[in-house]
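Anchor point for the sequence shown: position 86 equals 389 in my numbering, and the numbering is continuous, going up by one each time. Just so you know, even glycine gets a beta-carbon here, dropped at the ideal spot from N, CA and C. What follows is one structure encoded as structure tokens, with my remarks underneath.
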Amino acid sequence: MSVGTSSAPGAQDAGSPPAASRPPGDPAGLGIDPDHLPDGLVVADEQGHVICFNAAAERITAVRGRDALGQRLEKALPLEDLEGRRWWQLTDPYGGLAIRVGQPERNLLLPGGREVLVSARYVRTRPTGPLRRLVVTLRDTEARRRTERSHAELIATVAHELRSPLTSVKGFTATLLAKWERFTDDQKRLMLETVDADADRVTRLIAELLDISRIDSGRLEVRRQPVDIGAAVGRHIQAYVAAGQPADRFLLRVQQPLPDLWADPDKIDQVLSNLLENAVRHGEGTVTIDVTATASPREDEDTGTSVTVSDEGPGIPEESMNRVFTRFWRGSKRGGTGLGLYIVKGIVEAHGGTITVGRAPGAGAEFRFTLPVSAPAYLA
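Written out as structure tokens, the structure is:
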């Protein structure tokens, strides 16, 4: 960025905008006002005096721009590193090595101990020449802190969820190895079935972690194939009935004809599994699944496929609906990691679809996701 000259208060031309609001150089004619930038911007001239101090810098530092303009940079922006050393004396941008082009982003401290992310760019008239402008950007650390807290919560939650099945696996296997001859075949079978179930639970937790990592990094792959979503729902219902749920608890209604749906069958199964499990575990009465043709969530497609899962339970409180798809949301009933619906939303959105939550006609919870048909390009 080329930085033009702005003067401290009292030295600017009459009628010109104040230095804090004037772009410090606009060679492309974009008319960018520093106050429109989302990050703090502080610019010092060749003498080290502040010539630009935008609105975001005022917000982050709690220093008024008009008070900072014309001051020495180290006085207007008295930064220290995490060891208490004065940053501008330590880095010496004006008297230090002439080959330096800037400072990478790092955590520094404002007066009072508030952390801020700071990076700097040294603008020289020529390579290794004297410093013409020092451009400093500031960012609040709160967003990073929220991310770090979220990661810490994820680690703590998963560690807690892993401890229980692993303790069970270790306990039963140690007991069997030490006292194999003392147990009947039925007792051995029961313990081995418990170990098998707990191993499946650990596998699911690891799969959830991998899914969250891919969703957060935008690397969740979708391998599209033809999917009969009505048949997929039917398979899940049959599995619940085989596990002991009464068949009349489920009502599946499939509107015909449905558009051909191209999606990742494994991931769609994961979405259906989570939504049906929530309805069965936390809802009451009949679980109704409606599969219908609907408008596509994509502007370049006319039709899509919609799946609605509803129950007749107490439903989700209105004040909680905006948090349903966030990490660790578990509602009023504890249990599980609280990651399932977060993953469901990530999978649906990776398909280019949308998902919503609301109140069902029977007063229970209603989840509805819509997928575009998404035929591969070679079939278009």
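Presumed contact (8 Å Cβ cut-off) between residue i and residue j, rounded CB distance
i	j	result
serine 471	threonine 497	6 Å
alanine 668	glycine 618	5 Å
glycine 655	arginine 601	6 Å
leucine 544	alanine 550	Looking at the sequence itself, residue 544 is valine, so the reference to leucine does not match. Their Cβ separation, rounded to whole angstroms, is 5 Å, which keeps valine 544 and alanine 550 in contact under 8 Å.
glycine 351	arginine 375	6 Å
lysine 491	leucine 480	Between leucine 480 and lysine 491 the Cβ distance is about 12 Å, and since that is not below 8 Å, they are no contact.
alanine 653	leucine 561	Not confirmed; about 21 Å, so no contact.
Among the options, the one whose alpha carbon lies nearest that of residue i
i	options	result
glycine 405	Tyr397, Leu411, Ala663	Tyr397
leucine 469	Thr589, Leu437, Leu508	Leu508
valine 594	Gln559, Asp614, Met624	Gln559
arginine 435	Arg424, Arg442, Leu441	Arg424
proline 430	Asp370, Leu400, Asp336, Ala371	Leu400
proline 529	Ala546, Asp605, Asp563	Asp563
glycine 416	His454, Thr657, Glu383, Asp489	Glu383
threonine 364	Gln548, Arg452, Pro414	Pro414
Proximity below 8 Å, CB of residue i to CB of residue j
i	j	result
alanine 379	valine 366	yes
threonine 591	glycine 607	no
leucine 578	valine 612	yes
leucine 340	cysteine 355	no
valine 346	alanine 371	no
glutamate 511	isoleucine 646	yes
proline 675	serine 599	yes
arginine 442	aspartate 342	yes
Residues sharing a beta bridge with residue i, DSSP
i	result
arginine 452	According to DSSP, which records beta bridges pairwise, arginine 452 is partnered with nothing at all.
tryptophan 565	Pro529
glycine 474	DSSP, once it has assigned bridges, lists no residue as partnering glycine 474.
alanine 347	Val353, Leu437
serine 422	Thr440
alanine 684	An answer regarding residue 684 cannot be provided, because it is not within the stretch 304 to 683 covered by the chain.
threonine 431	Per DSSP, none; premise fails for threonine 431.
glycine 405	Arg424
proline 675	Gly607
isoleucine 658	Phe672
phenylalanine 553	Val590
glutamate 464	Bridge partners of glutamate 464: none, in fact.
leucine 479	Its beta-bridge partners do not exist; DSSP assigns none.
Closer than 7 Å: residue i CB and nearest the ligand ATP heavy atom
i	result
glycine 521	No copy of the ligand ATP occurs in the structure displayed, which carries no ligand at all.
Cut-off 8 Å between Cβ atoms - residues of its own chain near residue i, not counting five sequence neighbours on either side
i	result
alanine 535	Pro568, Ile571, Asp572, Leu575
glutamate 418	Asn410, Leu411, Leu412, Thr444
glutamate 580	Gly643
serine 554	The amino acid at residue 554 is misidentified as serine; the sequence shows leucine. Here the set comprises Thr589, Val590, Thr591, Ile592.
arginine 403	Pro396, Tyr425
glutamine 392	Glu377
threonine 476	Val498
methionine 690	Nothing about residue 690 can be read from this structure; the chain reaches only from 304 to 683.
histidine 463	none
Proximal residues to residue i (C-beta, below 7 Å), its chain only, five neighbours per side dropped
i	result
alanine 502	Val472
proline 664	none
serine 516	none
valine 505	Leu465, Pro468, Leu469
proline 407	Ser422
glutamate 604	Pro675, Val676
Sequence-distant residues of the same chain with beta carbon closer than 6 Å to residue i, five excluded per side
i	result
alanine 666	Gly618
glycine 584	With the sequence shown as reference, residue 584 is identified as arginine, and glycine is not the correct amino acid for it. Once the five neighbours on either side are set aside, arginine 584 has no close Cβ partner at all.
alanine 582	Val590, Val612, Asp614
valine 439	Val345, Ala423
glycine 616	Gly586, Glu587, Gly667
phenylalanine 670	Leu578, Val612, Val660
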